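In my numbering, each residue carries its 1-based index in the sequence shown increased by 1062. Glycine included, C-beta positions come from ideal geometry on N, C-alpha and C. All values derive from a computational prediction rather than experimental measurement.
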Amino acid sequence: ETHRVASGPRGMMLGAGKPLTKRTLNGLLTAVIGKDSLRPAGYIPENVFAFSQDVAGESNFAFWLPPCKAPLHHSHINKPLVVPYPGMVFVESKGSLTLFVVKGDQRPTVDTPLYQPPFWNVSHHTGSVCTGNCKRPDKSASLLDRIEGWKSVWFKSLFSHSLDEKYGKTTLGKLWQGLDGQNKFPEKILQKANKTLRSVLTDSGLI
């Protein structure tokens, strides 16, 4: 709170306190950490589950991409594959990307079970994505631009290695080359991650 200083019979005195306004608080934070760190999130689309930003301007967020058909590139496959992807849940936390997949085409709830990501360059068990030397989204960009940036990183990147080639009873190579030109991802092959959306958001400090 703030206090007005006034002159009284016994000298200078503090007046009654008043709560700090939002404008005053923003002014103080701007003076301490710089105006560029205090960006509003802007429009938050329906596929975003959670968003947080600390006083240093570091933001974390989680979003969902529904099932889609898109290219998949790999350094050992001569041409891009056009494959059906399952629904995917991405979490950016402290500049790193985590990925799990979900069944169905409906927006997940916090209790939705997650499944191991059947992709190259991703740990099946932790969901940690190896982005290598890919250009990551600019931290100063808006939430929407950062989401688009991560989508571009994911769909346009050239996968180069496997943290675990085996997935369930198949291999990643057989799975994705067999899905080239298909229309629907075979969800029955997905392996349980023993996590829910709630647990992943909690582990990331988003809830």
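Taking the beta carbon of residue i as the centre, do at least 16 other beta carbons fall within 10 Å, making it buried, or is it exposed?
| i | result |
| --- | --- |
| SER1069 | exposed |
| ALA1203 | exposed |
| ARG1208 | buried |
| VAL1144 | exposed |
| LYS1080 | exposed |
| LYS1250 | exposed |
| SER1219 | buried |
| PRO1043 | This structure cannot settle anything about residue 1043, because the visible part of the chain is limited to 1063 through 1269. |
Relative to the alpha-carbon of residue i, which residue among the options has its alpha-carbon at the smallest distance?
| i | options | result |
| --- | --- | --- |
| PRO1142 | GLY1243, PRO1199 and LEU1161 | GLY1243 |
| ILE1269 | PHE1111, LYS1231 and GLN1239 | PHE1111 |
| LYS1131 | LYS1257, HIS1187, PHE1247 and TRP1212 | PHE1247 |
| ASP1173 | ARG1072, GLY1073, TYR1229 and THR1264 | THR1264 |
| TYR1177 | ARG1169, ASN1183 and THR1188 | THR1188 |
| LEU1161 | ILE1139, ASP1226 and CYS1192 | CYS1192 |
| HIS1135 | PHE1221, ASN1256, LEU1225 and LEU1237 | PHE1221 |
| SER1155 | PRO1133, GLU1249 and ASN1122 | ASN1122 |
| VAL1151 | GLY1267, PRO1107, PHE1125 and GLY1211 | PHE1125 |
| GLU1227 | SER1266, ASP1200, LEU1206 and PHE1181 | PHE1181 |
| LYS1201 | GLU1120, PRO1107 and ALA1078 | GLU1120 |
| GLN1168 | LEU1127, GLY1157, SER1224 and SER1190 | LEU1127 |
Locate the alpha helix (DSSP H) running through residue i, then write down its first and last residues.
| i | result |
| --- | --- |
| LYS1254 | No alpha helix (DSSP H) contains LYS1254, which is instead part of the beta strand (DSSP E) from 1254-1258. |
| GLN1239 | 1234-1241 |
My assumption, with CB atoms under 8 Å, is that residue i sits in contact with residue j. Please give the rounded CB distance.
| i | j | result |
| --- | --- | --- |
| LEU1241 | PRO1146 | 6 Å |
| GLY1149 | GLY1166 | 7 Å |
| LYS1231 | PRO1175 | Contact flag wrong, Cβ pair sits at about 20 Å. |
| LEU1237 | PRO1170 | Contact flag wrong, Cβ pair sits at about 22 Å. |
| VAL1215 | ARG1198 | 7 Å |
Starting from residue i, trace the beta strand (DSSP E) both ways and give me its first and last residue.
| i | result |
| --- | --- |
| LYS1131 | 1130-1136 |
| LEU1127 | 1121-1127 |
| SER1114 | 1110-1115 |
I'd like the ranges of any beta strand (DSSP E) spanning at least 3 consecutive residues and lying wholly in the stretch 1138-1219.
1143-1147, 1149-1155, 1158-1164 and 1175-1177
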